[in-house]
Every structure is written in structure tokens, then in C-alpha cells.
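Taking it in order: structure first as C-alpha cells, then the write-up.
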Amino acid sequence: MRSKLQVTGVKMTTLTHQKAQLLKETARGQEILRTPVDELPVLLRTMEQTLQEQVAMVEGIDGNEKSQLLTALLEDHLYWEFGYFVLFLKWRENNRAKAGFPAPTDVKN
1047 MRSKLQVTGV KMTTLTHQKA QLLKETARGQ EILRTPVDEL PVLLRTMEQT LQEQVAMVEG
1107 IDGNEKSQLL TALLEDHLYW EFGYFVLFLK WRENNRAKAG FPAPTDVKN
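First residue of the sequence shown: 1047, per our numbering; consecutive thereafter.
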């Protein structure tokens, strides 16, 4: 998922397989993984709204406070991308199950 969220002069981090594996082990990552597939879109919209608010705040401040907010924004952005990754996996596995393919053991709906 390519983000439309932009902060002037800041490159948003990209979700990689390695980062996804690390996020999966965190409390927040586990919360995303436990979210039922039909509730994930609502969670992701909420996360995106929070990110947009953070971007607006970052654009209006300077100094140490901006640095701290940017760090939080980049972390939140990764979890947002992770949420879309999980949504895709759950959607794919639901469709595979409907087609009669066995679901892998690492994805829970």
C-alpha cells in the first residue's frame, strides 16, 4: 500500500518482510492480527485519520517536539501499512478457503 501521507522533507519508511515479522511480535501488532477481517477497514480508517492529524501537527511545529512527533508518526505509519498487509492476507485466505484451498497456519481470521 502506497501512502498518500506526506511530510515535507521526510521519507516515509517502507514495510518490508523483516519489519512485518518484528511488528507481528509487538503488542500493537498482535492487536492488529487479532482484529477480525470485517473490522480491519474501520481500524485502518481510524489509523489513517490519526496519521493525517499527526502530519498536520508536524507541519506546524519546529525543534525537538517535531522530532519526537516525527518518530511517532513514522512508527504509526509502519503499523498502518502492516494493518493493510494483514487485511490483504486475511482477505486472500478467506478467498482461498472459499475456493477449497487449505489455509496456512500463520494467518488467523
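Note that beta-carbon positions come from the ideal geometry of N, C-alpha and C, so glycine has one too. Source: prediction; values computed, not measured.
With a cut-off of 8 Å on Cβ pairs, the stretch 1128 to 1142 is not in contact with the stretch 1111 to 1119, counting fewer than three such pairs. It is roughly 16 Å from the alpha-carbon of histidine 1123 to the alpha-carbon of glutamine 1067. Following the DSSP letters along the chain, one finds glycine 1075 inside the alpha helix (DSSP H) bounded by residues 1073 to 1080. With a cut-off of 8 Å on Cβ pairs, the stretch 1097 to 1109 is not in contact with the stretch 1067 to 1081, counting fewer than three such pairs. Taking 8 Å as the cut-off, the beta carbon of leucine 1090 is found no closer than this to the beta carbon of tryptophan 1137. When Phe1147, Gly1146, Gly1129, Ala1145 are compared, the shortest CA-CA separation from threonine 1081 is found for Gly1129.
With a cutoff of 8 Å on beta-carbon distance, leucine 1086 and leucine 1115 are scored as not near each other. For valine 1056, the three-state secondary structure derived from DSSP is strand.
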